[in-house]
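Every number in my numbering is 77 more than the matching position in the sequence shown, counting from 1. Reading through the structure tokens given below for one structure.
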Amino acid sequence: MKHHVKPVFIGLILILIFALSACGSSTSGSLSTKELTIGVTGGPHEQIMEQVAKLAKKDRLTIHLKVFNDYNQPNTALDGGDLDASSYETLPFLKAQIKDRGYKITDVFKTVALPMGIYSNKIKHLKDLKKGDKIAIPNDPSSQPRSLTLLEKAGVIKMKPGTQTTGSTRDVASNPKKIQFVAMDPAQITSHLDEVTAAAINSNFAMGAGLTILDDSIDHESLTHNRYPNYFVVRNENKNDEVVKQIKKYYHSDEIKAYIKKTFKGSVVPSW
Numbered sequence: 078m079k080h081h082v083k084p085v086f087i088g089l090i091l092i093l094i095f096a097l098s099a100c101g102s103s104t105s106g107s108l109s110t111k112e113l114t115i116g117v118t119g120g121p122h123e124q125i126m127e128q129v130a131k132l133a134k135k136d137r138l139t140i141h142l143k144v145f146n147d148y149n150q151p152n153t154a155l156d157g158g159d160l161d162a163s164s165y166e167t168l169p170f171l172k173a174q175i176k177d178r179g180y181k182i183t184d185v186f187k188t189v190a191l192p193m194g195i196y197s198n199k200i201k202h203l204k205d206l207k208k209g210d211k212i213a214i215p216n217d218p219s220s221q222p223r224s225l226t227l228l229e230k231a232g233v234i235k236m237k238p239g240t241q242t243t244g245s246t247r248d249v250a251s252n253p254k255k256i257q258f259v260a261m262d263p264a265q266i267t268s269h270l271d272e273v274t275a276a277a278i279n280s281n282f283a284m285g286a287g288l289t290i291l292d293d294s295i296d297h298e299s300l301t302h303n304r305y306p307n308y309f310v311v312r313n314e315n316k317n318d319e320v321v322k323q324i325k326k327y328y329h330s331d332e333i334k335a336y337i338k339k340t341f342k343g344s345v346v347p348s349w
């Protein structure tokens with residue numbers, strides 16, 4: 078029996094160590110307060126987060142940015158643990174992704190809005206539209222309702238009741254000028270602007286083509302209290318992490334607000 082005492086004793090110690098380490102892992106899912114990797118799309122979201130990173134650096138928090146060229150990859154990377162957070166999407170888009178793909182991610186605070194505008198190289202006002210004219214609109218389920226609602230507000234069409242936030246061209250109830258809607262990838266619309274009478278373009282893509290909402294659009298969404306703010310997003314387990322509250326403080330600071338107003342001249346607006 079004496080020969081078995083030592084191995085048993087060692088085994089009990091190992092079990093105890095494992096149990097203690099398991100107890101201590103309840104907070105192991107919390108985000109680091111020293112270093113974060115945040116996913117953004119190229120353009121305004123990247124530029125603004127670079128300024129946020131400068132503020133964070135003063136408090137010895139290092140933010141690494143990972144830049145994406147499409148809207149789908151960041152959520153996949155965040156849900157899979159390759160990112161700590163992301164900053165680039167509206168709530169309707171986020172909810173659609175969570176519903177369709179089962180992501181365990183959530184919004185935590187508003188960032189900026191990129192008001193959609195109507196642009197044209199052929200007319201100066203939407204009232205100048207003629208029967209059968211073509212209007213290019215985004216084909217994605219979060220931007221298309223915005224474009225149609227914007228055209229409804231301008232009196233071009235009428236949507237079925239209750240479809241303003243989720244509807245598509247199938248929900249157009251009245252189209253007196255028989256406008257032809259050309260749905261296409263939002264990133265491609267600017268390159269086809271000469272082929273249509275007008276186009277509804279997201280601000281980030283408009284800016285990429287050298288267009289600004291105040292100088293070049295013939296109509297646009299509200300620049301204040303915009304209905305489509307973007308959000309900072311994390312995994313569900315990190316929603317209440319202290320470092321997330323810290324990032325919100327930086328983002329919602331007067332320094333960032335002043336930077337946005339000076340840099341984007343109305344094409345990007347603070348949502349807080």
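The beta-carbon is built from N, C-alpha and C at its ideal position, and this holds for glycine as well. Note that the structure is predicted; figures quoted are calculated from it, not measured.
Asked, Found
"L225: first and last residue of the uninterrupted alpha helix (DSSP H) it sits in", "221 to 230"
"Cut-off 6 Å between Cβ atoms - residues of its own chain near D136, not counting five sequence neighbours on either side", "none"
"8 Å Cβ cutoff met for E127 and L142", "yes"
"Of the listed residues A173, E166, F145, Y180, nearest to G157 (C-alpha basis)", "Y180"
"Beta-carbon contacts of M236 that lie in its chain and below 8 Å, excluding the five residues immediately before and after", "L225, T226, E229, G244, D248, V249, A250"
"Close beta carbons around Q174, own chain, < 7 Å, minus the five adjacent residues each side", "N152, Y180"
"Minimum length 4: unbroken alpha helix (DSSP H) runs contained in the stretch 130 to 203", "150 to 156, 168 to 178"
"Three or more C-beta pairs below 8 Å linking the stretch 249 to 263 and the stretch 304 to 324", "no"
"Cross-strand partners of Y308 (DSSP beta bridge)", "E166, K187"
"L113: first and last residue of the uninterrupted beta strand (DSSP E) it sits in", "112 to 118"
"Backbone CA spacing between P347 and I324 [nearest angstrom]", "15 Å"
"Proximity of I295 and I200 at Cβ, strictly below 8 Å", "yes"
"Pick from R312, D210, G209, S219 that is closest to T183, judged by C-alpha positions", "R312"
"Through-space distance from A130 to E298, alpha-carbon basis", "29 Å"
"Own chain residues within Cβ distance below 8 Å of N315, not counting five before or after", "G106, S107, L108, D161, A162, V321"
"Beta bridge counterpart(s) of G212 as assigned by DSSP", "Per the sequence shown, the amino acid found at residue 212 is Ile instead of Gly. Partner(s): F258, A275."
"Selected residue, minimal CA-CA separation from Q150, among P121, I337, G116", "G116"
"Residues bridged to H297 [DSSP beta-bridge criterion]", "G194"
"Spatial distance of T104 from E166 (CA atoms)", "Below a pLDDT of 50, predicted positions are generally treated as unreliable, and T104, at 37, falls in that range; the measurement from the model is reported next regardless. C-alpha separation (whole angstroms): 28 Å."
"Residue interval of the alpha helix (DSSP H) (run including A283)", "280 to 285"
"V249 - containing beta strand (DSSP E), residue span", "249 to 251"
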